[in-house]
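Residue numbering for the sequence shown follows the working numbering, beginning at 1 and increasing consecutively. Ideal Cβ positions, reconstructed from N, Cα and C, are used throughout, including at glycine. From a predicted model like this one, the values you see are computed outputs, not experimental measurements.
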Amino acid sequence: MANKTTLLTGGSRSGKSRHALQLSKAFGKKIFLATAEPLDEEMRKRIEIHQAERGKDWITREEPLDITNVVKNEAEKYEVLVLDCITLWLSNLFMNNENRDTILSKLHHFIAECKKTKIHVIVITNELGSGIIPMDPSARAFRDVAGEANQILAAEFDEVINMVSGIPVVIKSSKNENEDQVDSTNSRHEFSPQKKEGLYEAIYKRRDIRHFNSKKIDPETLGRVLNAAHHAGSVGYMQPWNFVIIDDPQIKNRVAENFKKANDEAALKFSDERQDLYNSLKLEGIEEAAINICVTCERTRFGPNVLGRNTVFDTDIFSTCCAVQNLWLAARAEGLAVGWVSILSYEKLKEDLDIPDHVQPVAYLCIGHTEAFYRKPMLESKGWAKRLPVEELIYYNKWQGDPGNFKVSFINKPSK
Ligand SMILES: Cc1cc2nc3c(=O)[nH]c(=O)nc-3n(C[C@H](O)[C@H](O)[C@H](O)COP(=O)(O)O)c2cc1C
């Protein structure tokens, strides 16, 4: 089964619960996750009526607070889960004295779990904000959190249906052809905490790797990584890159020879101890890596006048570097190791790979699997260089302008 998330919104008694049951009819095993606590007689009766309406093919689960846990640990046993309703859950948290930030963070965790399951998740919510502004400050605060929560859910869920007088009006469809429009009108552009964590983790755990094992690369994974590279920004949307994939051992050997010659020459630029240290460093994995990729920049693509490139001609090369960085990060997320080798005669490289004059090699990458990703840049652990304190690299308004107390921070602080 494929995952799908549906948000059913509307005023009270607009037919939301009935429509949720309607949507669930086609499914086999169903779970109804009720967030209401039967605090008084009226509520108890209402719950009983709802249970009777649902019939025997439903399992009812009452959970006023930890709905994320239910989705995480129980949802997979069913084909559809209906949560009725998120507004009561928010109210339960509110009554527990949770503040806005904690509530919204819990909501993001809940959404992440809903997206992880393989089942159809239908969440019912209430539109509270259309009536008279509440007199009571805490009621106003609750109304605001409920409104924000609805916006987040609507942005993250595949489908949103507004119930008006019993009629379902689809306001966001799961196959949304106007996705760009939905994004641009969504006031909350921020990623969820989990998505942010994933992105920052790829950034901090990306490493330049020079040690590879013999495991082959899955072609589908490589396809995803190259497509990520292809989604980089580029000047005038020029997309000047090509990816020359090399797995022929003879060609790899020629490039390795090219490296050896260039590296011997480079070593002479350093003297004494520094030269000894340089010579002890492993600065390539050309022949070990399952494949090599030469990322090139076709400098004449789109003709002589490319939007944005008439002033700074090298912006095509900058764009290609952006593609390489995308590739590097996507590869890290996929568990693939990448090592960039620039100690090469590009003239010789062009000759060996039949690259024409108007095309510039930008990056020569060794790609494969590794036994371990270095925790720190290898040049740092070998004592060649250290990471500079980022605060010293940030200026304010002008070169060397004092940024005051500006502090950088981390999500997923990289380990030392
Ligand atoms: C443009 C560029 C060229 C590089 N060339 C080489 C190279 O020829 N050999 C090598 O071992 N590493 C090379 N690297 C990798 C860097 O040494 C590495 O990025 C740096 O030490 C920081 O380590 P990290 O990438 O693991 O964070 C290159 C990196 C870049 C961005």
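Buried versus exposed call for residue i [16 or more other C-beta atoms within 10 Å across all chains shown]
i	result
N162	buried
P240	buried
I367	buried
D84	buried
Y78	buried
F406	exposed
M238	buried
V482	What is shown of the chain runs 1 to 416, which leaves residue 482 out entirely.
T87	buried
T300	exposed
S409	exposed
P361	buried
G404	exposed
S17	buried
V390	exposed
H358	exposed
D352	buried
I411	exposed
E190	exposed
E220	exposed
A149	buried
Residue i, DSSP secondary structure in three states
i	result
Y204	helix
T60	strand
K407	coil
N310	coil
R88	Checking the sequence, you will find Leu at residue 88 rather than Arg. Reduced to three states, the DSSP call for L88 is helix.
F302	coil
N97	coil
I47	helix
A337	strand
G236	helix
K4	strand
L33	strand
L23	helix
G213	It should be noted that the sequence gives Asn, not Gly, for residue 213. If DSSP states are grouped into helix, strand and coil, N213 belongs with coil.
T9	strand
H120	strand
P356	coil
L199	helix
P38	coil
V81	Checking the sequence, you will find Leu at residue 81 rather than Val. It is a strand residue.
I286	coil
I293	strand
Checklist entry - Touching or not, the stretch 27–39 and the stretch 85–93, by the rule of three or more beta carbon pairs under 8 Å? => result Between the stretch 27–39 and the stretch 85–93, the count of C-beta pairs closer than 8 Å reaches three or more; the two stretches touch.
Item to check | Those residues, in chain order, that have a beta-carbon closer than 5 Å to some heavy atom of ligand 1 | outcome: Those residues that have a beta carbon less than 5 Å away from any non-hydrogen atom of ligand 1 are, in order along the chain, R207, D208, L283, W340, V341, S342, I343, P377, L379.
Next on the checklist: Please give me, in chain order, every unbroken run of the alpha helix (DSSP H) with length at least 4 that falls completely inside the stretch 364–400.
Outcome noted: Here the runs fully enclosed are 378–381.
Next on the checklist: Restricting to runs no shorter than 4 residues, where is the alpha helix (DSSP H) found entirely within the stretch 122–178?
Outcome noted: Within the stretch 122–178, the alpha helix (DSSP H) runs of at least 4 residues that lie entirely inside it are, in chain order, 137–156.
Item to check | Three or more C-beta pairs below 8 Å linking the stretch 324–334 and the stretch 194–212 | outcome: Yes, since at least three Cβ pairs between the stretch 324–334 and the stretch 194–212 fall closer than 8 Å, the two stretches touch.
Checklist entry - Is it true that the stretch 4–18 meets the stretch 151–166, where meeting means three or more beta-carbon pairs spaced less than 8 Å apart? => result Contact holds: three or more Cβ-Cβ distances are below 8 Å.
Checklist entry - When the Cβ atoms of the stretch 335–345 are set against those of the stretch 260–274, are three or more pairs found closer than 8 Å? => result Short answer: they touch.
Checklist entry - Can you find at least 3 beta carbon pairs, one from the stretch 388–402 and one from the stretch 315–326, that sit closer than 8 Å? => result For the pair of segments examined, the stretch 388–402 was found not to touch the stretch 315–326: the number of CB pairs separated by less than 8 Å stays below three.
Checklist entry - Counting only runs that start and end within the stretch 225–280, where is the alpha helix (DSSP H) found for 4 or more residues in a row? => result Counting whole runs of 4 or more residues, the stretch 225–280 contains the alpha helix (DSSP H) stretches 249–267, 272–280.
Checklist entry - Is the stretch 102–113 touching the stretch 52–60, taking contact as three or more C-beta pairs under 8 Å? => result The answer is no - the stretch 52–60 does not touch the stretch 102–113, with fewer than three Cβ pairs under 8 Å.
Item to check | Inter-stretch contact (C-beta, 8 Å, three-pair minimum) for the stretch 271–281 and the stretch 244–260 | outcome: In the pairwise beta carbon analysis, the stretch 271–281 is classified as not touching the stretch 244–260: fewer than three pairs are separated by under 8 Å.
Checklist entry - Do three or more CB pairs link the stretch 364–379 to the stretch 280–293 at distances below 8 Å? => result Judged by Cβ distances under 8 Å, the stretch 364–379 makes contact with the stretch 280–293, as three or more pairs qualify.
Item to check | Cβ contact check for the stretch 131–144 and the stretch 219–238: 3 or more pairs under 8 Å | outcome: The stretch 131–144, when compared against the stretch 219–238, does not touch it at the 8 Å Cβ threshold.
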